[in-house]
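S.K.: Below is a structure I'd like to ask you about.
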Amino acid sequence: YVLRSWSMVKLGTTSAQKKLFFNLRKAKARIGAIEEGDLRPENVRQLAEDLSVSEQEVVEMNRRLAGSDASLNVTVGGEEGSASWQDWLEDEDADQASAYAERDEFEARQAMLMEAMDVLNERERDILTERRLAEPAVTLEELSEKYGVSRERIRQIEVRAFEKLQERMREIAKTKGMIPA
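My numbering applies: residue 49 is where the sequence shown begins, and numbers increase by one.
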């Protein structure tokens, strides 16, 4: 209960972290390292040895226990109407307009591909889909067994189907004004 209610941020997920959470303050008091802030390297070594954990874990837990949780909604400088900490966080993803445009373009290309696939007969469509669009791609051997032809013939059908598909995609793109005529 104490571990869960100590902070809004979950801590103490490993046994070493739990051991540090419950014993670090007592161990610091025992060696006289009561100061707030980072511990001296010799104190870190001693605490890590005493508690059978790594030095890095001691440093991390000491920092977590020394600092308190802070809200990102708190204003910078404490003045009413000034910016809050969250205003300084940058979203690494593209803005919504770019994300929408990207999704819209993907959907248009996908629809164009589906329309262009109509130029292929059923066998060509199946071979092209299995060889170029499936993850993982089906082998020539498997398709040659399925259709009762050689691997080379499957490869030829795949190449011809891909060329037909490319040509149809160009035609569709020209009619939709996506590329110059």
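The beta carbon of each residue, even a glycine, is placed where N, CA and C say it ideally should be. These numbers come from a predicted model, not from an experiment.
Should residue 74 be labelled buried (16 or more other beta-carbon atoms within 10 Å of its own) or exposed?
M.R.: Burial call: exposed.
S.K.: In whole angstroms, give me the CA-to-CA distance for residue 226 and residue 156.
M.R.: 10 Å
S.K.: Take residue 122 and list the residues in its own chain whose beta-carbon comes closer than 8 Å to its own, dropping the five residues that flank it on each side.
M.R.: Once the five neighbours on either side are set aside, the close Cβ partners of residue 122 are 132 and 133.
S.K.: For residue 177, which of helix, strand or coil comes out of DSSP?
M.R.: helix
S.K.: Exposed or buried, residue 94, counting other C-beta atoms within 10 Å across all chains shown (16 or more means buried)?
M.R.: buried
S.K.: Tell me whether the beta-carbon of residue 160 lies closer than 8 Å to the beta-carbon of residue 213.
M.R.: no
S.K.: Would the beta-carbon of residue 202 fall within 8 Å of that of residue 192?
M.R.: yes
S.K.: Here's the rule I'm using: 16 or more other beta-carbon atoms within 10 Å means buried, otherwise exposed. How should residue 137 be labelled?
M.R.: exposed
S.K.: Grouping DSSP H, G and I as helix and E and B as strand, with all else coil, what is residue 198?
M.R.: coil
S.K.: I'd like the span of the alpha helix (DSSP H) that includes residue 157, first residue to last.
M.R.: 144 to 164
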